[in-house]
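See structure below.
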Amino acid sequence: MVRGRLGSTWKQDPALRSALAGGGATAERAAARAVDAMALEVDGVDVGAGRAEGPLLASVEALGEGVLRLLAGSARAQVHFSEGGVELVLARRGASALLTVVALGRPARVLARDVEVDLAELTRATREAATRLADDLGSFQPKRMAASTGSLRSLARRLEAARPAPTEVPPSPARAAVQRPPRRPDAPTCSFDLRDDEALLVSYRGPGADLGSLLPAGRVALRSTDGREIVSVSGPPFLVLRDLSAFAGRLADAARHGEAASSVALAAPGRHATVNLEADLVAGTLACDGGPPLPCPPLPLARALLEAAVDFCGVVAARNAWQADNGWLAELRTSAAERLAHVQELLAGDLVATEGAPVRRRRTRPLPRTPLGPGHMRRLAFRRAWEADAGAPAGFGVAVLADLVIAAGARAVLGLDARRGTERWCRPGATLATVSGGALFVADGVRLASLEPTTGRERWSRAVDELPEGVRDVVRLTGGLALALAPGAAAALDPASGRTAWTFAPPAALTLCASALGPLAVLGSDAGFLYGVEAATGRMAWRLRLPGPLAGPPSAYGDACLALCATELGGSLLAVDPATGRRHFEVPFDVAPSGSPVPFAGLLGVPGVVAGDPVVTAVHPAGRLAWEDAPPLGSGPVALAPLPAGLLAKTAHGACVALDREGTAIWSHARVVKHPPPANAPPVVARGVALVPGEQVDALEAATGKVLGHASLAAPVRLLADAELNAWGMDAEGVVTAVRLETHLSVL
């Protein structure tokens, strides 16, 4: 006898009961989120062992649709229970149905396999479960739960009216050749055997995901570098290799981060038995269930596991070409191949170019240091010039190009006269805005456009769904190409048409950042690699393994490329030859970096935090740590700006301290405010004056820290100034305010 039992604890939830009693759309949403267990009992035994749990409405409807598929002649159907991580696979065998329950939470295992029940009995049990749930939901508000109860009662009627159709007999699948990975001597190996006596693999005809066709029995074996067997696991190779592929990814991450050990539990025969593997990354060994450790270096082991997973996917697709479209197999193939490429990079290490064209640094003109006038400066007076509202800042927020101010926000992107604030051009708001190499790029969630900054004229636009998903930044490369950066991939776009010239997708990368350095695009990934890519062709010129993910985009300094990394112990600053990828130096420090390196007085300043307190680290260009200092500025990160002979560090409140080249405090400026800006904009130093943003902008004498005046820029999160100390600030709401230096008083 087959019976479908639904849990009832959801009825005791006061919030859910209240929402259901209210009826209408609120009740329908509440019905959809009612979560409880669902037991499919055969002769009083729950085949799911109490682990089938999820939204009841969706679960019952999915079970009903699956049974209807079997009745219509399909060979298989499946039901997903999200809360318990369980898949129920239904298969048709004549007038019977076979129930297989798979627990996908690691270690993945088959809880019940091919439990045969009468298809008519299964149909009746499903119909009764749908009717029972409809009655339970309708009891709260019978007349105002029409949608949920109506769909369930309609499902029950369809199940009652359905009659078994003959099972579909599709044509035989095509077979394809398979490329097996090479066998490496003196390396760990992972092998598998498939025993597909029931022809499950060839039964898949698509479309969609079909877990049941990937569950033939078999065995997966691991051997050490000297050929001794470490473990042999019986069970569906798909599930075992799926778990081992995930373990290989964790193993590679552990090796990259310098961890000492990593482990995995695999399902052994039975509902609860496991096999435990312990990898010692320091000794390079692997042990099974506390047995003797056998030689298995971590990265070669990860490679062997991933090659076996990719090999399995190839074998399955070779036996049945349609399996290539099976979502379960495609997911394993894609993830294992990406992890394998990452492991191959880790094993290969640095790839250095033998020669490269010299990289010329794209220099920006610094603000002048010469005083505003002769004598000792005593007072500055600023006058508010104009104001404009662009909405919440997008990307750079505000930029100054010659006599043009560009304000980018959620409401509008504006081109404004820098002096008068008059509008030169306007376009709708943006979610992304970047200025790079004199080019302006904006995206609104639908299209990415390249604009002429002076006129706002659109040079080209591309639908964002034609680009790598989730474009987060755009960098202009030498030659005019626009490099669109998205999670895991970058696309170079033609400057005239916006068409894709080339793409670059490093393995295992989720976050990319890039900078243009001469003929190269230098890209860094959170997977811990730095790449030099030819801007014209997209060809990788060199690759460098980093001590950790980048803490910010790479930057130019002299003839070197700087890469600031976050590490397990804090941070590390690398200098690299951008032409060849050769390391100039690597300086580790025990401070977590919180911003990009800032050149000052012949040194490099790196802001960081330790236990929430700010720390400034100075690195000598020769590749050694010059000094570290914890300025007494309170908690939180600091923003840095270079002084003529030192460095200025400030907090979001506007408190700041000036440090000389030796790290000694020259002067400090205390400031504690009730409403600091949400972002810590760096100060601007020019003409012997430091403009320090906080709740307002303080004008301080750079040499002494004496207060010279105040600019009425309320809590700016972006701050810019020109050579005449005219300033523009944007607050968190996207209001851009311009102030002009009206008078300055000096004493001779």
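First residue of the sequence shown? That's 1 in our numbering, and the numbers climb one at a time after it.
Don't be surprised by glycine CBs; every beta carbon is placed ideally from N, CA and C.
Note that the coordinates shown come from a computational prediction; the quantities given were computed from them, not determined experimentally.
Residue i classed as buried or exposed, judged by whether at least 16 other C-beta atoms fall within 10 angstroms
i      : result
Ser515 : buried
Leu510 : exposed
Leu625 : exposed
Thr126 : buried
Val178 : The predicted model places Val178 with a pLDDT of 49, which falls under 50 and marks its position as unreliable, so this point remains unresolved.
Pro683 : buried
Lys650 : buried
Glu53  : buried
Ala19  : buried
Ser712 : exposed
Ser450 : buried
Ser139 : exposed
Gly757 : Within the shown structure, residues of the chain are numbered from 1 to 748, placing residue 757 beyond reach of any answer.
Ala482 : buried
Gln12  : exposed
Nearest residue (CA-CA) to residue i, options the options
i      : options                        : result
Ala489 : Leu104, His620, Gly73, Arg472  : Arg472
Asp731 : Leu20, Thr454, Val717          : Val717
Asp742 : Val446, Gly456, Leu16, Arg384  : Correcting the residue identity first, residue 742 is Glu in this sequence and not Asp. The shortest C-alpha separation from Glu742 is found at Arg384.
Leu194 : Ala209, Pro599, Val736, Ala221 : Ala221
Glu307 : Val689, Glu278, Trp328, Arg339 : Arg339
Pro631 : Leu90, Cys656, Gly623, Ala641  : Cys656
Pro597 : Asp590, Ser232, Ser572         : Ser572
Ala75  : Ala58, Glu61, Glu83, Leu99     : Leu99
Asp350 : Ala209, Ala566, Val576, Ser154 : Val576
Leu691 : Gly50, Ala161, Leu640          : Leu640
Val35  : Val60, Leu512, Asp46           : Val60
Per-residue DSSP class, three states only, for residue i
i      : result
Lys706 : coil
Thr664 : coil
Thr189 : strand
Arg766 : The structure shown does not extend to residue 766, since the chain spans only 1 to 748, so no value can be given for it.
Ala525 : Per the sequence shown, residue 525 should be read as Ser rather than Ala. Three-state result, Ser525: strand.
Pro237 : helix
Leu200 : coil
Ser82  : coil
Glu355 : coil
Asp289 : coil
Arg250 : helix
Val735 : strand
Gly646 : strand
Ser555 : strand
Pro14  : helix
Arg157 : helix
Asn729 : Checking the sequence, you will find Gly at residue 729 rather than Asn. Gly729 falls in the strand class under three-state DSSP.
Thr537 : coil
Asp494 : coil
Gly421 : coil
Residue i - containing alpha helix (DSSP H), residue span
i      : result
His342 : 327 to 348
Asp135 : 119 to 138
Thr26  : 24 to 32
Ala62  : 56 to 71
Residue i - containing beta strand (DSSP E), residue span
i      : result
Phe312 : From DSSP, Phe312 is part of no beta strand (DSSP E) but of the alpha helix (DSSP H) over 298 to 319.
Leu483 : 482 to 486
Arg219 : 217 to 223
Leu512 : 512 to 517
Arg718 : 718 to 721
Glu458 : 458 to 463
Gly571 : 571 to 576
Val101 : 96 to 103
Pro607 : 603 to 610
Asn680 : Asn680 -> no beta strand (DSSP E), and no H or E assigned at all.
Gly397 : 393 to 401
Met1   : Element bounds for Met1: n/a, residue is neither H nor E.
Gly620 : Sequence check: residue 620 is His here, not Gly. Looking at the DSSP string, the run of the beta strand (DSSP E) that includes His620 is 613 to 620.
Glu628 : 624 to 629
Ser213 : First-last for Ser213: undefined, no H or E at that position.
Asp698 : 697 to 701
Chain B within 8 Å of residue i, Cβ atoms only
i      : result
Thr422 : In the displayed structure, chain B is absent; only one protein chain is listed.
For this session: Could you tell me whether the region 495 to 507 touches the region 555 to 567, using the rule of 3 or more Cβ pairs below 8 Å?
Result: no
Exercise. On the three-pair Cβ rule with 8 Å, is the region 541 to 554 touching the region 524 to 531?
Worked result: yes
For this session: Could you tell me whether the region 422 to 442 touches the region 467 to 481, where touching means 3 or more Cβ pairs closer than 8 Å?
Result: yes
For this session: Please confirm if the region 79 to 95 is in contact with the region 112 to 119, defined as three or more CB-CB distances below 8 Å between the two stretches.
Result: yes
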